[in-house]
Each structure stands twice: as C-alpha cells, then as structure tokens.
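*Asks:* Would you mind keeping the following structure in view while I ask a few things?
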Amino acid sequence: MLNERGLIAEQEALTRVAKELHGLLGPGDERAEYLGTVLAPVTSERVRAANPNGKYKMSDGQFNALPFTETLRDAVRDLRSATYREGAGTWFSAKVSVTAQGAVSAEYNYDDEPEWDAPVDAVAYLTDLEQFPRDEANQPEWLKAKLAEGRAARRS
110 MLNERGLIAE QEALTRVAKE LHGLLGPGDE RAEYLGTVLA PVTSERVRAA
160 NPNGKYKMSD GQFNALPFTE TLRDAVRDLR SATYREGAGT WFSAKVSVTA
210 QGAVSAEYNY DDEPEWDAPV DAVAYLTDLE QFPRDEANQP EWLKAKLAEG
260 RAARRS
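Using our numbering, the first residue of the sequence shown is number 110, and each one after it goes up by one.
This is the structure in structure tokens:
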C-alpha cells in the first residue's frame, strides 16, 4: 500500500486504477467501471463493462461482469489511502469509470452512509476510523452513531 497522500499521489493511484480497468475491456465494451464500498476490514466491490449486448440488464444500461484482479484491488486500496485528507478522512464508496477511448472519471462518497449488500458490524467503522482518522466535526451524524455503537460493542 502506498503511504503517500495528496494530489499527486491521488492522480498516480487513479491512473493505476484506470489502466487496470482499461486493460479489462473486451470487444464491444464501451467502458469499464469499478464500484466499491470499502472500510478497512470489509468491502463490497464489483467490476463491470458497459456493453450494448451485455448479459446483465441494469437500470443504467447493459453490462458484463469483469474480474476483480489482485492488481486492481491493490490499486484501489492505494487510491483510498491517497485520497485521505487529514482530519476529513477518506471515502466510503467510489465509482471509477474508464471509456474504451481512455477518458477517466471518478466519484467519491466521503459523507453519505454507504449502502451494503448485507449488514456491516459497527466495529468496522471504528476500525476504519483508526486507520483513516476523521475529526469529530467532519463526522456525519450517521457515522457518529455507528462509532458509538462500535465502541459499545468493543466494551462488551
């Protein structure tokens, strides 16, 4: 994992993620997307390719599943670390897209409660906060509640 943080480290990490995604594109694919919800101890991630003939019809188009390679996983972890901001924390969920032509876009969710496929133990939020500290002033109310629940669970 990269220990570097800041704009240059963020751009380098995003470029790595984009290159990995672009390398997964196949014939007819319009773009590759990484969609992830991540805490230090738990993740829910998927990689997909938008394709007009895709196997899976979703509300935002047709897609084929792509492999979530170890190299991509490492690049995403580095991106999350690089996007950490002192006192403000890092993102809980992200979407990174790269088109077949190489255009890259990224969306990061730093403040809204992430959506999970299954319930996540509140201790996971506390563990994440220990790795990516966030000042109380930068903690949304939902996060404060999760952290309080996690602290109570650790004490019991």
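Note that the Cβ used here is the ideal one computed from N, Cα and C, for glycine as well. Being a predicted model, the structure only gives us computed values, none of them experimental.
Could you compute how far the alpha carbon of Tyr234 sits from the alpha carbon of Lys204?
*Replies:* If you take the alpha carbons of Tyr234 and Lys204, they lie about 20 Å apart.
*Asks:* Just mark Asp226 as buried or exposed, buried being the case when its beta carbon has 16 or more other beta carbons within 10 Å.
*Replies:* By the neighbour-count rule (16 or more Cβ atoms within 10 Å), Asp226 is not buried but exposed.
*Asks:* Using the rule of at least 16 other Cβ atoms within 10 Å of the residue's Cβ for burial, across every protein chain shown, is Thr124 buried or exposed?
*Replies:* So Thr124 counts as exposed.
*Asks:* From this set, Glu119, Ile117, Leu116 and Val126, which residue's C-alpha is nearest Ala212's C-alpha?
*Replies:* If we check each option's Cα against that of Ala212, Val126 comes out closest.
*Asks:* For the alpha helix (DSSP H) holding Gly259, just list the boundary residues, first then last.
*Replies:* From DSSP, the alpha helix (DSSP H) with Gly259 extends over Glu250 to Arg264.
*Asks:* Taking its Cβ as the centre, do 16 or more other Cβ atoms sit within 10 Å of Glu245, making it buried, or is it exposed?
*Replies:* Classification for Glu245: exposed.
*Asks:* Give the straight-line distance between the Cα atoms of Gly163 and Leu238, rounded to the nearest whole angstrom.
*Replies:* Spanning the two alpha carbons is a distance of roughly 38 Å.
*Asks:* Over the uninterrupted alpha helix (DSSP H) stretch that includes Arg124, give me the two end residues.
*Replies:* For the record, residue 124 in the displayed sequence is Thr; it is not Arg. Start and end: Leu116 to Gly132.
*Asks:* Where DSSP assigns a beta bridge to Glu142, which residues make up the other side?
*Replies:* Answer is Arg157 and Ser206.
*Asks:* Closer than 6 Å by C-beta to Phe241: which residues in its own chain qualify, once you throw out the five before and the five after it? Chain order, please.
*Replies:* Once the five neighbours on either side are set aside, the close Cβ partners of Phe241 are Tyr193, Gly198 and Thr199.
*Asks:* If Pro176 sits next to Gly137, beta carbons under 8 Å apart, how far is it from one beta carbon to the other, in whole angstroms?
*Replies:* The pair is not a contact, with the Cβ atoms about 17 Å apart (cut-off 8 Å).
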